[in-house]
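Enquirer: Questions regarding the structure given below will be posed in turn.
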Amino acid sequence: MISLGIESTAWNFSVGVVDEDGVIALAGDAYRPKEGGIHPREAAQHHAEVAGKVLRKVFEKVSPEDLDVICFSQGPGMGPCLRIGATVARAIALKLKKPLVGVNHCLAHVEIGRWMTGARDPVALYVSGGNSQVIARKGNRYRVFGETLDIGIGNALDKFARHLTLPHPGGPRVEELARNGKRYIEMPYVVKGMDFSFSGLVTYAMNLVDRGERREDVAFSLQETAFAMLVEVTERAMAYLEKDECLLVGGVGANSRLQEMLRIMCEDRNAEFHAPPREYMGDNGAMIAYTGLLMHRHGMDVDVEESHINPDFRIEEVEVRW
Ligand code: ATP
Ligand code: FE2
């Protein structure tokens, strides 16, 4: 069975095609803000402009007639961006007379991670721009066991990078700077129960730079502190739920230092550490196509009339039938 998935929640307009055996095609076009962070309307405009070109690229590898199901990212995400992906998906489904599936974006990050790594029943650390959550399956739902109380870790790193006048996305720039950090500077470490918070930490880091601290040292200390918070909560969830696999997903998962810290934690507990290839960490259409395929096979299609986007869609809302 062949599935096409459209991802358009935020910065990327990406289309992927998969079948049960693997990824057949993946193409995308990233929106890069001229200044500042992501402007939802500008990003949506970008998605609308590139949609045709990205689809044509995918259709060079697979013929539209061969598709069995059309899937789109239903949320969470930015309303104007979500609307473009949903509209394109509905148009294709109607034209080809194929079933339509609306996919939860967070669930898609987790499911493609499991698919690509073979992780069976992991505690997932999902870290991206807008989201930071510790997720595990309980019965027929994924549950969030810990999450950010304010901004996502990716947005925190992007905000810090912007303060240093580095371009968006800032995460990879901060990682580069941190590699040359020599001195750890103590920073506010905020874990409350199973939740964490990054906004005070970022303000603290920005103030240190303003006061003349070496930016490499501040970037290094920011990463060490924020990642230690994430690793601590992930480890506590693994202990509490008695799970021996950890899966890292989401755009920030590309960070080598975060991967290293989780790997060490897993080694200490005799647990397995899993991370999908970088290409599938950040937002991509293949994760929507794959999760939508699972949903379609389990009777979770949606009528076009009912296929509304949901900017606040939570992973717990989806019944996991597989
Ligand atoms: P979501 O809707 O799931 O929140 P998103 O729109 O934030 O997704 P992703 O592609 O999942 O998109 O994540 C993007 C984030 O990942 C950005 O904040 C970016 O700075 C961050 N990022 C990318 N590479 C790295 C890296 N090497 N180190 C740290 N952060 C990174
Ligand atoms: Fe994402």
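For the sequence shown, position 180 matches number 180 in the UniProt record's numbering, and the numbering has no gaps at all. Just so it is clear, CB atoms sit at the ideal spot from N, CA and C, and this is done for glycine as well.
Taking its Cβ as the centre, do 16 or more other Cβ atoms sit within 10 Å of ILE315, making it buried, or is it exposed?
Expert: Buried, because 16 or more other Cβ atoms sit within 10 Å of the Cβ of ILE315.
Enquirer: Compute the minimum distance between the beta carbon of GLY5 and the heavy atoms of the ligand FE2, and state whether it is under 7 angstroms.
Expert: GLY5: no, Cβ never under 7 angstroms from the ligand FE2.
Enquirer: Give a single yes or no on whether ASN131 has its beta carbon closer than 7 angstroms to a heavy atom of the ligand ATP.
Expert: The answer is yes for ASN131.
Enquirer: Would you give the residue range spanned by the alpha helix (DSSP H) that TYR257 belongs to?
Expert: It should be pointed out that residue 257 corresponds to Arg in this sequence rather than to Tyr. From DSSP, the alpha helix (DSSP H) with ARG257 extends over 256-268.
Enquirer: Any C-beta of chain B sitting closer than 8 angstroms to the C-beta of GLN74?
Expert: Looking for chain B here will not work: only one protein chain is present.
Enquirer: Given 7 angstroms as the limit, tell me if GLY250 has its C-beta closer than that to any heavy atom belonging to the ligand FE2.
Expert: Yes, since a heavy atom of the ligand FE2 falls inside the 7 angstroms radius drawn around the Cβ of GLY250.
Enquirer: Does the Cβ of ASN140 have 16 or more other Cβ atoms within 10 Å, making it buried, or fewer, making it exposed?
Expert: Exposed, by the Cβ-count rule.
Enquirer: Mind checking which residues open and close the beta strand (DSSP E) that includes TRP222?
Expert: Inspection of the sequence shows that residue 222 is occupied by Leu rather than by Trp. Looking at the DSSP string, LEU222 is not in any beta strand (DSSP E); the run it does join, the alpha helix (DSSP H), is 215-241.
Enquirer: Run through the DSSP bridge pairs and tell me what TYR126 is partnered with.
Expert: Bridge partners of TYR126: GLN133, VAL249.
Enquirer: Give a single yes or no on whether GLU317 has its beta carbon closer than 7 angstroms to a heavy atom of the ligand ATP.
Expert: Checking every heavy atom of the ligand ATP against the Cβ of GLU317, none is found closer than 7 angstroms.
Enquirer: Count the other CB atoms within 10 Å of the CB of HIS168; is the residue buried (16 or more) or exposed (fewer)?
Expert: Buried, since its Cβ has 16 or more Cβ neighbours within 10 Å.
Enquirer: Put THR148 into one of helix, strand or coil per three-state DSSP.
Expert: DSSP places THR148 in strand when its eight states are reduced to three.
Enquirer: Please report the residue range of the alpha helix (DSSP H) in which GLY171 lies.
Expert: Note, GLY171: alpha helix (DSSP H), 171-179.
Enquirer: Tell me whether TYR280 sits in a helix, a strand or coil according to DSSP, three-state version.
Expert: It is helical.
Enquirer: Would you grab the beta carbon distance between PHE16 and ALA286 for me? Rounded to a whole angstrom, and I think it's under 8 angstroms.
Expert: The displayed chain sequence assigns Gly, not Phe, to residue 16. Confirmed, Cβ separation roughly 3 angstroms.
Enquirer: Would you say the beta carbon of LEU222 comes nearer than 7 angstroms to a heavy atom of the ligand ATP?
Expert: Not so, every heavy atom of the ligand ATP lies at least 7 angstroms from the Cβ.
Enquirer: When you compare the stretch 222-238 with the stretch 103-115, are there three or more beta-carbon pairs, one atom per stretch, that lie closer than 8 angstroms?
Expert: They do not touch, by the three-pair rule.
Enquirer: Report the residue from VAL110, LEU166, LYS95 whose alpha carbon sits nearest the alpha carbon of LYS34.
Expert: The candidate whose alpha carbon is nearest that of LYS34 is LEU166.
Enquirer: Helix, strand or coil for ASP66 per DSSP?
Expert: In this structure, ASP66 counts as helix in the three-state DSSP scheme.
Enquirer: Can you tell me the Cα-Cα spacing of GLU317 and VAL58, whole angstroms?
Expert: Roughly 31 angstroms separates the two Cα atoms.
Enquirer: If I follow the unbroken alpha helix (DSSP H) through PHE160, where does it start and stop?
Expert: Per DSSP, PHE160 belongs to the alpha helix (DSSP H) from 153-163.
Enquirer: Is there at least one non-hydrogen atom of the ligand FE2 closer than 7 angstroms to the beta-carbon of ASP283?
Expert: Answer for ASP283: yes, Cβ within range of the ligand FE2.
Enquirer: Since GLY28 is in the beta strand (DSSP E), which residue starts that stretch and which ends it?
Expert: Residues 22-30.
Enquirer: Do ILE288 and CYS81 have their C-beta atoms within less than 8 angstroms of each other?
Expert: In this structure, CYS81 does not lie closer than 8 angstroms to ILE288 by Cβ.
Enquirer: Going by other Cβ atoms of all chains shown within 10 Å of its Cβ, with 16 needed for buried, is VAL304 buried or exposed?
Expert: So VAL304 counts as exposed.
Enquirer: Mind checking which residues open and close the beta strand (DSSP E) that includes ASN104?
Expert: It spans 100-104 - the beta strand (DSSP E) in which ASN104 sits, taken as one unbroken run.
Enquirer: Out of ALA48, GLY292, GLY299, SER221, which one is the CA nearest neighbour of residue 324?
Expert: This structure cannot settle anything about residue 324, because the visible part of the chain is limited to 1 through 322.
Enquirer: Hey, VAL134 and LEU157: beta-carbon distance below 8 angstroms or not?
Expert: No. Outside cutoff.
Enquirer: Check whether the Cβ atoms of PHE198 and THR148 sit closer than 8 angstroms, and answer yes or no.
Expert: In this structure, THR148 lies closer than 8 angstroms to PHE198 by Cβ.
Enquirer: Do SER3 and VAL23 count as a contact pair if the criterion is CB distance below 8 angstroms?
Expert: No. Outside cutoff.
Enquirer: Please confirm whether ASN131 and GLY152 have their CB atoms less than 8 angstroms apart.
Expert: Cβ atoms of ASN131 and GLY152: closer than 8 angstroms.
Enquirer: How many angstroms separate the CA atom of PHE13 from the CA atom of THR203?
Expert: Cα-Cα distance, rounded: 31 angstroms.
Enquirer: If you compare alpha carbons, which of SER256, ASP121, SER73 is closest to VAL302?
Expert: Of the listed residues, the one whose Cα sits closest to VAL302 is SER73.
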